[in-house]
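J.: Counting from 5, one number per residue, gives the positions in the sequence shown under the numbering used here.
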Amino acid sequence: MDVPHQLQTLLQFLVTDASSIAHLAYILDHLSSSCLAPSPHLQKWVTRVTSLMHSKDPATRWAAICIAYRMSFLSRSLLIENAQSWAGIILPSLTKPEPVPVLRASMRYLTLVFSAAGHNLEFQRQVAVPIVPKVSSALLTIAEKHNDRDIKNSSIRSLAQLLPLYPSLHKALSQRLFALCHQIFSGSTYHATESLLDATVNLYAVLHFLGGKVGGTNLWRNSLDESQRISAHLMANYPIPLLHADAMAGNPLTTVALNLDRLKCGVNAIGALLRYLEIVATCAPISHQHRRVPVSRPVRVPIGHLATLCWCLLTSTHDDEVSFRDNSLKCTQTASGTTSL
């Protein structure tokens, strides 16, 4: 008796929407590159997955997107072959109210597709150029307005991954991208988590790609100078730096913690920017960063200012004394244990 093809067996679990959801874990676990090789059952499988994506049930759509992600991860040929149709189906999920699992799965799939196939010139022309700007605009809107912190985090990480690969397709969003980073760094985002701050730092560190080969160097240097200046100011005036006229307007305990978060963001941004120094100096695109390219444009790095900032950070101890201008503020901070870095 002939053993049925593995994909034929798995196809039985996709007969109904309910079965697709119930057996999703088993399907994902047993999908492999070998069973996605060309066969009489492959087209039936792709057709059924596409059909599930059109379901009115969010859970079914979520299951279909998860399967599509797994297929694209396992097979580069299937990724490129189905990217245009599947991305067109999944993209609207980012622009309308959807359950968090559907949003997260949609972002993962779209990020994988446009990250993995970016080297294919024909794919870029036919699929990436018309779709990536829409994807990134939707991701940016989610990062700006969505209330779920994990979703905001995922959208920002996706933007940080796509922007260096398609910098010219993100130029129209440059003002909003810088505004988003500055908003989160300044503490304007309610309950920003450590993960969200890290994701924003990584996005901020790649914004210089928006300037292209000519303007990218200046953008990178401006970002580095701004991060260094703000970090040095926060460090020199800790715990209450007067960055704004209303710095003392809120709760002192909140203000101190907020400014410490700002200092962490500034220092992490400097580290992230310096990781791209070689790419900036060689004017090499991110997809070719592993190649040795002759330096075509020198980049000035403020080593002295950075060394001074590092020294201040390294020599800070809990025994450092801080002078206060307001005795009541000093008592409040002392009681909270936030009088020193």
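Positions of the beta carbon are idealized from the N, C-alpha and C atoms, including for glycine.
Would residue 274 pass as a contact of residue 235 if the rule is Cβ separation under 9 angstroms?
T.: Translated into the one-based positions of the sequence shown, residue 274 becomes position 270. Translated into the one-based positions of the sequence shown, residue 235 becomes position 231. Cβ atoms of residue 274 and residue 235: closer than 9 angstroms.
J.: Could you give the residue range of the alpha helix (DSSP H) that holds residue 92?
T.: To locate residue 92, count along the sequence shown from 1; it is residue 88. It spans 80 to 94 - the alpha helix (DSSP H) in which residue 92 sits, taken as one unbroken run.
J.: Among the candidates 38, 53 and 119, whose CA atom is the shortest distance from the CA of residue 21?
T.: Reading the sequence shown from its first residue, position 17 is the one you call residue 21. Selected option, being the one with the closest Cα: 53.
J.: Is the Cβ-Cβ distance between residue 228 and residue 180 less than 9 angstroms?
T.: As a first step, residue 228 is located in the sequence shown; it is residue number 224 there, counting from the start. As a first step, residue 180 is located in the sequence shown; it is residue number 176 there, counting from the start. Result no, Cβ atoms of residue 228 and residue 180 do not sit closer than 9 angstroms.
J.: Quick one: Cα of residue 104 to Cα of residue 155, how far?
T.: Translated into positions along the sequence shown, residue 104 becomes position 100. Translated into positions along the sequence shown, residue 155 becomes position 151. So the two alpha carbons sit approximately 7 angstroms from each other.
J.: Which class does residue 19 belong to by DSSP, given the choice of helix, strand or coil?
T.: Indexing the sequence shown from 1 puts residue 19 at position 15. Coil.
J.: Which residue from 232, 268 and 91 puts its Cα closest to that of residue 130?
T.: In the sequence shown, the residue the question calls residue 130 occupies position 126. Checked all of 232, 268 and 91; the closest Cα to residue 130 is 91.
J.: Could you tell me the distance, in whole angstroms, from the CA atom of residue 278 to the CA atom of residue 178?
T.: To locate residue 278, count along the sequence shown from 1; it is residue 274. To locate residue 178, count along the sequence shown from 1; it is residue 174. Roughly 21 angstroms between the two C-alpha positions.
J.: Give, in chain order, every unbroken run of the alpha helix (DSSP H) that is at least 4 residues long and sits entirely within the region 146 to 187.
T.: If we require 4 residues or more, the alpha helix (DSSP H) runs fully inside the region 146 to 187 come out as 153 to 166.
J.: CB-CB under 7 angstroms to residue 13, same chain, minus the five flanking residues each way: which ones, in chain order?
T.: Here residue 13 refers to the residue found at position 9 of the sequence shown. Result list for residue 13: empty, nothing under 7 angstroms.
J.: Under a Cβ-count criterion, where at least 16 other Cβ atoms within 10 Å of its own Cβ denotes burial, should residue 207 be classed as buried or exposed?
T.: By one-based count along the sequence shown, residue 207 stands at place 203. Answer is buried; the Cβ neighbour count reaches 16.
J.: Beta carbon of residue 56, beta carbon of residue 71: below 9 angstroms?
T.: Taking the first residue of the sequence shown as position 1, residue 56 is located at position 52. Taking the first residue of the sequence shown as position 1, residue 71 is located at position 67. A contact, by the Cβ cut-off of 9 angstroms.
J.: In the DSSP assignment, find the unbroken alpha helix (DSSP H) run with residue 128 in it and report its ends.
T.: Position 124 of the sequence shown, counted from the first residue, corresponds to residue 128. Where residue 128 is concerned, there is no enclosing alpha helix (DSSP H), given that its DSSP letter is neither H nor E.
J.: Kindly indicate the opening and closing residues of the alpha helix (DSSP H) around residue 320.
T.: Taking the first residue of the sequence shown as 1, we reach residue 320 at position 316. Taken as a continuous stretch (DSSP letters only), residue 320 belongs to no alpha helix (DSSP H), as it is neither H nor E.
J.: DSSP on residue 310, reduced to helix/strand/coil?
T.: Numbered from its first residue, the sequence shown carries residue 310 at position 306. It is helical.
J.: Kindly indicate which three-state DSSP category residue 35 falls into: helix, strand or coil?
T.: As a working mapping, residue 35 is identified with position 31 in the sequence shown. Three-state result, residue 35: coil.
J.: Am I right that residue 45 and residue 15 are in contact with their C-beta atoms under 8 angstroms? What's the rounded C-beta distance?
T.: Along the sequence shown, read from residue 1 onward, the residue named residue 45 stands at position 41. Along the sequence shown, read from residue 1 onward, the residue named residue 15 stands at position 11. Their Cβ separation, rounded to whole angstroms, is 6 angstroms, which keeps residue 45 and residue 15 in contact under 8 angstroms.
J.: Three-state secondary structure (DSSP) at residue 24?
T.: Your numbering for residue 24 matches position 20 in the sequence shown. Residue 24 falls in the helix class under three-state DSSP.
J.: In its own chain, which residues sit with a C-beta less than 8 angstroms from the C-beta of residue 48, not counting the 5 before and 5 after it?
T.: Translated into positions along the sequence shown, residue 48 becomes position 44. These residues qualify, in order along the chain: 15.
J.: Suppose you measure from the CA of residue 231 to the CA of residue 271; what does that come to, to the nearest Å?
T.: Counting from one through the sequence shown, the residue named residue 231 turns up at place 227. Counting from one through the sequence shown, the residue named residue 271 turns up at place 267. Taking the straight line joining both Cα atoms gives about 7 angstroms.
J.: Suppose you measure from the CA of residue 309 to the CA of residue 225; what does that come to, to the nearest Å?
T.: Counted from its first residue, the sequence shown places residue 309 at position 305. Counted from its first residue, the sequence shown places residue 225 at position 221. Each residue's alpha carbon lies about 13 angstroms from the other.
J.: For residue 168, which option in 99, 67, 114 and 280 has the closest C-alpha, if you only look at C-alpha atoms?
T.: As a working mapping, residue 168 is identified with position 164 in the sequence shown. The shortest Cα separation from residue 168 among 99, 67, 114 and 280 belongs to 280.
J.: Is residue 123 buried or exposed, if buried means 16 or more other CB atoms sit within 10 Å of its CB?
T.: Here residue 123 refers to the residue found at position 119 of the sequence shown. Exposed is the call here.
J.: Roughly how many angstroms separate the alpha carbons of residue 10 and residue 276, rounded to a whole number?
T.: Walking along the sequence shown from the start, residue 10 turns up at place 6. Walking along the sequence shown from the start, residue 276 turns up at place 272. Roughly 45 angstroms separates the two Cα atoms.
J.: Are the CB atoms of residue 133 and residue 114 nearer to each other than 9 angstroms?
T.: Numbered from its first residue, the sequence shown carries residue 133 at position 129. Numbered from its first residue, the sequence shown carries residue 114 at position 110. Cβ atoms of residue 133 and residue 114: not closer than 9 angstroms.
J.: Check the C-beta distance from residue 316 over to residue 189 and give it rounded, since I have them as a contact under 8 angstroms.
T.: Residue mapping note: residue 316 aligns to position 312 of the sequence shown, counting from 1. Residue mapping note: residue 189 aligns to position 185 of the sequence shown, counting from 1. 20 angstroms between Cβ atoms; not a contact.
J.: Using a Cβ-Cβ cutoff of less than 8 angstroms, which residues in the same chain neighbour residue 99 once the five nearest sequence positions on both sides are dropped?
T.: By 1-based counting over the sequence shown, the position of residue 99 is 95. Correct list, in chain order: 142 and 145.
J.: If you draw a straight line from the alpha carbon of residue 111 to that of residue 217, how long is it in whole angstroms?
T.: The residue you call residue 111 lines up with position 107 of the sequence shown. The residue you call residue 217 lines up with position 213 of the sequence shown. Computed Cα separation, rounded: 29 angstroms.
J.: If you draw a straight line from the alpha carbon of residue 172 to that of residue 23, how long is it in whole angstroms?
T.: Walking along the sequence shown from the start, residue 172 turns up at place 168. Walking along the sequence shown from the start, residue 23 turns up at place 19. For residue 172 and residue 23, the distance between alpha carbons rounds to 43 angstroms.
J.: Excluding the five sequence neighbours on either side, which residues of its own chain have a C-beta within less than 8 angstroms of the C-beta of residue 127, listed in chain order?
T.: What you label residue 127 is simply residue 123 of the sequence shown in a count that begins at 1. So the qualifying residues of the chain are 84, 87 and 121.
J.: Mapping the DSSP letters down to three states, classify residue 303 as helix, strand or coil.
T.: What you label residue 303 is simply residue 299 of the sequence shown in a count that begins at 1. If DSSP states are grouped into helix, strand and coil, residue 303 belongs with coil.
J.: By the three-class DSSP mapping on this structure, what secondary structure does residue 294 have?
T.: Reading the sequence shown from its first residue, position 290 is the one you call residue 294. For residue 294, the predicted structure reports a pLDDT of 40, less than 50, and the residue's modelled location is therefore unreliable. The matter cannot be settled from this model.
J.: To the nearest angstrom, how far is it from the Cα of residue 249 to the Cα of residue 263?
T.: Sequence index remark: in the sequence shown, residue 249 carries index 245 (1-based). Sequence index remark: in the sequence shown, residue 263 carries index 259 (1-based). Unreliable placement is indicated for residue 249, whose pLDDT of 38 sits below 50; no coordinate value is reported for it.
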